[in-house]
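Q:
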Amino acid sequence: MSAVSQSHNLVCRLGARTVNGVTLLGDLTVFATRLAGWMLSGLPRRAVLVDCLHNIGVRSLSVVMVTGTFIGMVLSVQSYDQFRMFHLESRLGAVITMSLVAELGPVLAATMLAGRVGSAMAAELGTMRVTEQIDAVRALGAHPIQYLVVPRFLSCVLMIPLLTAVADGCGILGGWLFSTQLLGVDSFNYWFYTCNYVTAYDVMSGLLKSTFFGAAIALIACHRGFHCGAGAEGVGTAATESFVMSFIAILILDFFLGVFTNNLYYMIWPGHMSII
Amino acid sequence: MPRFSGTAPEQEKQIISDDAPIVELRDLSCRFGQQHVLRDINISVHRGETLVIIGESGCGKSVTLKAMMSLLPPTSGCVLWNGHDVRDLATQQFNRMRLRFGFLFQGSALFDSMDVYDNVAFGLIHNTDMRGEAIQPIVHQGLRDVGLPIDVCGKKPAELSGGMKKRVALARALVMTPEVMFYDEPTTGLDPIMSDVINELVLQTREQRQVTSVVVTHDMRTVTKIADRILMLYPVSQKKPDESQVVFEGTPEQAFASDDPRVSQFVRGEARDRIRELSCA
Numbered sequence: 001m002s003a004v005s006q007s008h009n010l011v012c013r014l015g016a017r018t019v020n021g022v023t024l025l026g027d028l029t030v031f032a033t034r035l036a037g038w039m040l041s042g043l044p045r046r047a048v049l050v051d052c053l054h055n056i057g058v059r060s061l062s063v064v065m066v067t068g069t070f071i072g073m074v075l076s077v078q079s080y081d082q083f084r085m086f087h088l089e090s091r092l093g094a095v096i097t098m099s100l101v102a103e104l105g106p107v108l109a110a111t112m113l114a115g116r117v118g119s120a121m122a123a124e125l126g127t128m129r130v131t132e133q134i135d136a137v138r139a140l141g142a143h144p145i146q147y148l149v150v151p152r153f154l155s156c157v158l159m160i161p162l163l164t165a166v167a168d169g170c171g172i173l174g175g176w177l178f179s180t181q182l183l184g185v186d187s188f189n190y191w192f193y194t195c196n197y198v199t200a201y202d203v204m205s206g207l208l209k210s211t212f213f214g215a216a217i218a219l220i221a222c223h224r225g226f227h228c229g230a231g232a233e234g235v236g237t238a239a240t241e242s243f244v245m246s247f248i249a250i251l252i253l254d255f256f257l258g259v260f261t262n263n264l265y266y267m268i269w270p271g272h273m274s275i276i
Numbered sequence: 001m002p003r004f005s006g007t008a009p010e011q012e013k014q015i016i017s018d019d020a021p022i023v024e025l026r027d028l029s030c031r032f033g034q035q036h037v038l039r040d041i042n043i044s045v046h047r048g049e050t051l052v053i054i055g056e057s058g059c060g061k062s063v064t065l066k067a068m069m070s071l072l073p074p075t076s077g078c079v080l081w082n083g084h085d086v087r088d089l090a091t092q093q094f095n096r097m098r099l100r101f102g103f104l105f106q107g108s109a110l111f112d113s114m115d116v117y118d119n120v121a122f123g124l125i126h127n128t129d130m131r132g133e134a135i136q137p138i139v140h141q142g143l144r145d146v147g148l149p150i151d152v153c154g155k156k157p158a159e160l161s162g163g164m165k166k167r168v169a170l171a172r173a174l175v176m177t178p179e180v181m182f183y184d185e186p187t188t189g190l191d192p193i194m195s196d197v198i199n200e201l202v203l204q205t206r207e208q209r210q211v212t213s214v215v216v217t218h219d220m221r222t223v224t225k226i227a228d229r230i231l232m233l234y235p236v237s238q239k240k241p242d243e244s245q246v247v248f249e250g251t252p253e254q255a256f257a258s259d260d261p262r263v264s265q266f267v268r269g270e271a272r273d274r275i276r277e278l279s280c281a
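As you go down the protein sequences, you meet chains L and C in turn.
Residue numbering for the first sequence follows the working numbering, beginning at 1 and increasing consecutively.
Residue numbering for the second sequence follows the working numbering, beginning at 1 and increasing consecutively.
(1) Let me know the alpha helix (DSSP H) ranges lying completely inside the segment 87–160 of chain L, each 4 residues or longer, listed in chain order.
(2) Considering only the beta carbon of each residue, do L:A215 and L:V157 sit closer than 9 Å?
(3) According to DSSP, is C:C78 helix, strand or coil?
(4) Give the secondary structure of L:T211 by DSSP, where H, G and I count as helix, E and B as strand, and everything else as coil.
(5) Below 7 Å on C-beta distance, what does L:R138 contact in chain C?
(6) Less than 9 Å between CB atoms is the rule here; does C:I125 satisfy it with respect to chain L?
(7) When the Cα of C:G107 is compared with those of C:T188, C:F94, C:C153, which residue comes out closest?
(8) Can you name, in chain order, every residue of its own chain whose Cβ lies under 6 Å from the Cβ of C:G33, other than the five neighbours on each side?
(9) Quick check: C:K166 and C:M194, are their CB atoms within less than 9 Å of each other?
(10) My understanding is that C:G269 touches C:M220, with C-beta atoms under 8 Å, so please give their C-beta distance in whole angstroms.
(11) So what does C:T212 bridge to, in DSSP terms?
(12) How would you list, in chain order, the residues of chain C whose beta-carbon sits under 8 Å from the beta-carbon of L:D135?
(13) What are the boundary residues of the alpha helix (DSSP H) that C:H126 is part of?
(14) So, helix, strand or coil for C:Q35, using DSSP?
(15) Within the continuous beta strand (DSSP E) that includes C:R229, where are the two ends?
(16) Can you find the residues in the same chain that come closer than 8 Å, C-beta to C-beta, to L:S41, ignoring five residues on each side of it along the sequence?
(17) What is the DSSP secondary structure of L:H227, counted as helix, strand or coil?
(18) For C:R3, count neighbouring C-beta atoms within 10 Å of its own C-beta (all shown protein chains included) and say buried if the count is 16 or more, exposed if not.
(19) Would you call L:E124 buried or exposed, if buried means 16 or more other Cβ atoms sit within 10 Å of its Cβ?
(20) Strictly below 9 Å CB to CB, what residues from chain L border C:L99?
(21) Go ahead and pull the three-state DSSP assignment for C:R274.
(22) Which residue's Cα is closest to the Cα of C:M223: C:D112, C:T50, C:H36, C:S62?
(23) List the endpoints of the continuous beta strand (DSSP E) containing C:V263.
(24) Does the Cβ-Cβ distance between C:C78 and C:L25 come in under 9 Å?
(25) Evaluate C:A8 with the Cβ neighbour count: other Cβ atoms within 10 Å of its Cβ, from every protein chain shown; 16 or more gives buried, anything less gives exposed.
(26) Under the assumption that L:L28 contacts L:H223 (Cβ atoms under 8 Å), give the Cβ distance between them as a whole number of angstroms.
(27) Nearest chain L C-beta to C:Q11 closer than 9 Å, yes or no?
(28) What did DSSP end up calling C:I22 once you bin it into helix, strand or coil?
(29) According to DSSP, C:I41 sits in a beta bridge with which residue or residues?
(30) Kindly list, in the order they appear in chain C, the residues whose Cβ is closer than 7 Å to that of L:T131.
(31) Where does the unbroken alpha helix (DSSP H) through C:I226 begin, and where does it stop?
(32) Check for me: the beta strand (DSSP E) holding L:I308 runs from which residue to which?
(33) From the DSSP output, which residues share a beta bridge with C:E249?
(34) Find out if the Cβ-Cβ distance for the pair C:F182, C:M69 is shorter than 9 Å.
(35) Taking 9 Å as the threshold (C-beta atoms), are L:C12 and L:R152 in contact?
(36) For the candidate residues C:L124, C:P137, C:G102, whose alpha-carbon lies nearest to that of L:I135?
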């Protein structure tokens, strides 16, 4: 194959991927708009919503607690030597807690939940699609988005911030445990600098991020499930795509929300310096 | 009879007319990507009849059925319910009119996360004001009507045999008291005895509930047992350009007596020249 035809094929492939990507974004936007419309029309039935809240929230607790605890401990492990060089190991609590509540807690908890909850939702809805259960929902007079997507979306938006808070708490405790019991950091100083440097704004900005992450996970997972290809391969692809797209969305949202919350902070409290 | 929430029945009397076909497809085409499945088909379903649609695999029978119930949007053409184009109906009218139809899916399409009781009660819960104790006798009667004991209520779909799943799915559709029932290959995958049970249920539903039935099937025993009228569809890719995709319309007796080799080959189940496809594989 000549270099010209090779580059032509590459351009064609790139063009096709771009077109597919833009089409996907448009489709996702239409899906989100329909979801918003159904959410405004009324809440789902309590039994359905409670079931979703339990599956997404309660059943994810253990995995989120483990994730949070080990994030805190890893932060302690990786930061201690650098801070000890400058005799600032007493500040370790502030660094671990700030990193957790503002960034790592929301992002890593959301990533874990994109894998556990998002992939499961995409696979479940994809299976319903290939076995005509979604058509059956419509044939029996219910709207698939209202019945299947709204409760999952609301559950993710409500539960993921709460799970993030649990992850943050476990991370802070895990970091404290490792820092004070194994690395010898003074416990009083650990909590003193944590309380002095970590503000409610930092905590709330992390939880705000996790709310958006939850919405993105639910929207992407449900969209992938509804538009899944045929057969087991289609369901598997939907589950994989759900996780990958959710992860990318989390990173992009994290960036823009980080810029937003930082700018908002300086608007509300102008003149405040960086605290570390 | 369940009382459905939504538009008052009086408004529907303006829409429902006994003269027009209960369901009609006009110049309907369906395409999935580059693949044409249906092209310019015209089918009318008359009140009270049992119409059976036959044809080779991939000729668009299931797509036709779903288009009739507006579960699939057509690429072109229109779907009419009692003479009214479904695209002209307001959302609430559309939803209420669609409740007049019931659908038995090929794979039953029972909801995996629910037990039999919740499956059968699904339509009643979502479309009526009935709850709890009011629904229970309807669900139990629905199961008895299809020959199932009420102790299956607590079972999940995965615990049921193929025949039981089909009957639960039929009960789920029938508790909504539909005027028209669509059956997508109701006997596929079932043993001969259970297939005949399903055929009997289709007949019983028609006779006891005065339901119009549209059945898609490969099974000629089902055709001869239940059909008032047969339509045979031919694959778009194999038909002549100016020819209709509906290659036969008539009674079962006329189908077996047909001179059209495509029809006679199908109804008699003869490979004939198609045996060459085995050597080409």
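Virtual Cβ for every residue (Gly too), placed ideally from N, Cα, C.
A: So, from the listed chains and residues:
(1) If one requires a minimum length of 4 residues, the alpha helix (DSSP H) runs lying completely within the segment 87–160 of chain L are 92–99, 105–113, 119–130, 133–139, in chain order.
(2) The answer is yes: Cβ separation under 9 Å.
(3) In the three-state scheme derived from DSSP, where H, G and I count as helix and E and B as strand, C:C78 is classed as strand.
(4) Helix, per DSSP.
(5) Against chain C, the beta carbon of L:R138 has neighbours under 7 Å at L71, listed in chain order.
(6) It does; some Cβ of chain L falls within 9 Å.
(7) It is C:T188 whose Cα lies nearest to the Cα of C:G107.
(8) Within the same chain, C:G33 has no close Cβ partners at all.
(9) Result yes, Cβ atoms of C:K166 and C:M194 sit closer than 9 Å.
(10) Indeed, because the Cβ distance is near 7 Å, the residues count as touching under 8 Å.
(11) The partner list for C:T212 (beta bridge, DSSP) reads C:V180.
(12) Ordered by position in chain C, the residues that pass the 8 Å Cβ test against L:D135 are K66, L71, F103, F105, A109.
(13) Note, C:H126: alpha helix (DSSP H), 116–127.
(14) In the three-state scheme derived from DSSP, where H, G and I count as helix and E and B as strand, C:Q35 is classed as strand.
(15) First-last of the beta strand (DSSP E) with C:R229: 229–233.
(16) Contacts found: Q146.
(17) In the displayed model, L:H227 falls within coil according to three-state DSSP, outside both helix and strand.
(18) The predicted model places C:R3 with a pLDDT of 42, which falls under 50 and marks its position as unreliable; any figure quoted below should be read in that light. C:R3 should be labelled exposed.
(19) Of the other Cβ atoms in all chains shown, 16 or more fall within 10 Å of the Cβ of L:E124; this residue is therefore buried.
(20) L140, G141, listed in chain order.
(21) It is helical.
(22) It is worth fixing the name first, because residue 223 of chain C is Val in this sequence and not Met. That would be C:T50, whose Cα lies nearest to the Cα of C:V223.
(23) Membership of C:V263 in any beta strand (DSSP E) is not indicated; the residue belongs instead to the alpha helix (DSSP H) covering 261–268.
(24) With contacts defined by Cβ atoms closer than 9 Å, C:C78 and C:L25 form a contacting pair.
(25) Because C:A8 sits at a pLDDT of 39, beneath the cut-off of 50, its placement in the model cannot be relied upon, and the point is left open.
(26) Your pair L:L28 and L:H223 checks out as a contact, with CB atoms roughly 6 Å apart and the cut at 8 Å.
(27) Unreliable placement is indicated for C:Q11, whose pLDDT of 43 sits below 50; the coordinate value is still reported in the next sentence. No, no contact with chain L.
(28) The answer is coil: DSSP assigns C:I22 none of H, G, I, E or B.
(29) Answer by DSSP bridge pairing, in chain order: C:L28.
(30) Within chain C, the residues whose beta carbon sits less than 7 Å from that of L:T131 are G107, A109, listed in sequence order.
(31) Taken as a continuous stretch (DSSP letters only), the alpha helix (DSSP H) holding C:I226 covers 220–226.
(32) Residue 308 of chain L cannot be examined here, being either before or after the span of chain L that is shown, 1 to 276.
(33) Paired residues: C:L231.
(34) Against a cut-off of 9 Å, the Cβ pair of C:M69 and C:F182 comes out as a contact.
(35) No.
(36) Sequence inspection shows Asp at residue 135 of chain L; the Ile mentioned does not correspond to that position. Ranking the options by Cα distance to L:D135, first place goes to C:G102.
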